[in-house]
Amino acid sequence: MRDTSPIANPTVEHRIGPRGTCRLHVASGDVRIRGVEGDQVRVKADDEAAFRKQFTVDSGDGFLDVRQNERLGLGILGRNESIDLEVELPHGATVKVESQSGDIDATDLSGDKSFRSASGEVVLARVAGAADLETVSGDVRVQGAAPMDLRVKSVSGDVEIRAPIVRRLDLGTTSGDAVLDAELRGEGPFSIRTISGDVGVVGRSGFRVEAETITGDVSSELAAKRESMPGRKVIVVGRPGPTLSFRSVSGDFAVVEPRQAAQPLQEEPMTEVDATTDATTDVREPSRPSADATHGAPATHATHAAPATHAADDAEARRLEILRELERGEISVAEAGERLGELDEVLR
């Protein structure tokens with residue numbers, strides 16, 4: 001069960017309001033952040049005496065700044081001790097964290113978020129809204145509970161993004177691989193850039209890919225149309241949707257099937273179009289059981305398909321309503337996550 005009890009005996013406690021701002025600058029140490037109801041920020045250090053010596057705290061109306069004094073970390077003779085922080089703040093607050101050598105772990109946040117780590121992982125769970133994430137040598141993992149706007153930059157770490165909807169995406173990696181599992185919805189823009197990293201996008205909705213890669217490959221496990229354009233490889237997955245731009249030197253781009261979700265019904269096979277020859281070929285033909293082999297099974301299958309489809313449509317409507325309530329601020333990210341989890345349990 002998720003721990004909802006407040007931090008006991010916090011090192012720092014300050015009221016910023018439900019939409020206030022909290023900024024943390026940490027030279028060495030992990031930072032764990034949890035969004036809660038209320039208007040208070042509570043910061044707990046694992047070594048309170050060292051915290052009092054090394055950190056400066058500045059607070060005022062609607063904000064709290066906590067900064068580790070970097071002068072202690074300059075040179076060989078003086079180095080900061082590694083101090084881990086546990087932070088509790090309003091889930092709708094704006095939070096900005098900079099860490100030189102530590103992991104950042106954040107949950108249940110729906111306000112604007114900015115996390116930067118030089119040599120640590122950035123892990124977000126049950127989050128929503130805008131997020132600006134950057135790491136040099138650590139991985140980035142994002143689990144969204146509602147629509148998100150994302151800017152992600154990684155030099156050598158891998159990136160994994162899973163969310164119901166992404167409304168804007170700016171993702172750049174140098175040598176790390178990236179996985180995107182989300183429906184692209186909205187005006188965007190949507191772009192992914194790599195030098196040598198490979199990218200996999202889960203095909204959960206219709207979208208268009210415009211890829212520019214020198215030695216990399218572009219492929220799709222799903223039915224797709226291919227179009228030839230000067231200097232670009234273009235594929236269209238499913239029905240017309242947003243355009244995702246992909247640029248890489250040697251990285252591959254692949255559209256992959258959802259591994260743990262029911263496959264959508266296809267009314268007709270997609271086709272592959274070669275613009276240079278105007279030839280049309282089938283890319284993927286869905287398997288259909290023959291009437292002779294099933295002795296009338298197709299009719300029976302159709303009889304049971306309607307209730308199942310109706311239940312799926314009803315569940316999707318309930319899911320969207322939960323997400324809208326979260327966007328309007330009527331419920332917290334934690335509550336939305338619990339309700340979505342309960343809905344998934346019912347459907348299993």
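With the working numbering, letter number 79 in the sequence shown gets 79, and the count goes up by one each step, no holes. Glycine is no exception: its CB is placed at the ideal position from the N, C-alpha and C atoms.
Secondary structure of residue i, DSSP reduced to three states
i: L109; result: coil
i: L222; result: coil
i: S5; result: coil
i: A118; result: coil
i: D149; result: strand
i: E212; result: strand
i: R318; result: helix
i: E70; result: helix
i: E98; result: strand
i: I331; result: coil
i: E338; result: helix
i: R141; result: strand
i: R259; result: coil
Residue from the options whose Cα sits closest to the Cα of residue i
i: G129; options: A27, T94, S82, G111; result: G111
i: T243; options: D132, V256, R167, D314; result: R167
i: T159; options: I165, A145, L124; result: According to the sequence as given, residue 159 is Val; it is not Thr. Closest option to V159, Cα to Cα, is L124.
i: L150; options: A118, S114, E335, G157; result: S114
i: G17; options: V136, T11, F63; result: F63
i: Q100; options: T94, E134, A106; result: E134
i: V97; options: A50, R232, D30, S59; result: D30
i: A182; options: V43, D139, R193, L169; result: L169
i: G38; options: E81, L109, G157, E70; result: L109
i: G203; options: K233, F253, S248; result: F253
i: V43; options: S191, D84, E342; result: D84
i: F207; options: D198, I235, I7; result: I235
i: P189; options: E227, S219, V26, M148; result: M148
i: D132; options: R126, S117, A146, A145; result: S117
i: F246; options: Q68, D58, E210, E187; result: E210
i: S5; options: Q54, V87, G60, A50; result: V87
i: S119; options: A93, V152, S156; result: S156
i: G231; options: V256, F55, T11, V249; result: V249
i: S137; options: G35, V122, A145; result: V122
i: R259; options: S82, A50, V201; result: V201
i: A93; options: A27, G35, P240; result: G35
i: D61; options: A27, K233, G20, V237; result: G20
i: F55; options: I165, T11, H91; result: T11
For residue i, the residue or residues it bridges with in DSSP
i: L64; result: C22, S59
i: P230; result: Paired residues: none, contrary to the question.
i: P90; result: V36
i: D132; result: S114, R151
i: L343; result: In the DSSP output, where bridge partners are listed per residue, L343 has none listed.
i: A27; result: According to DSSP, A27 bridges with nothing at all.
i: G200; result: V179, A254
i: I235; result: V209, R226
i: I104; result: V31, V122
Bounding residues of the beta strand (DSSP E) (the contiguous stretch that carries residue i)
i: R167; result: 159–173
i: R193; result: 190–193
i: R204; result: It is not in any beta strand (DSSP E) - R204 carries neither H nor E in the DSSP assignment.
i: D181; result: 178–184
i: S245; result: 243–248
i: D13; result: The amino acid occupying residue 13 in the given sequence is Glu; Asp does not appear at that position. Element bounds for E13: 12–15.
Residue interval of the alpha helix (DSSP H) (run including residue i)
i: R52; result: 48–54
Residue i beta carbon near the ligand NAP (any heavy atom closer than 7 Å)
i: L340; result: In the structure on display, the ligand NAP does not appear, and there are no ligands present to speak of.
* At least three beta-carbon pairs within less than 8 Å, the region 172–181 to the region 205–224 -> no
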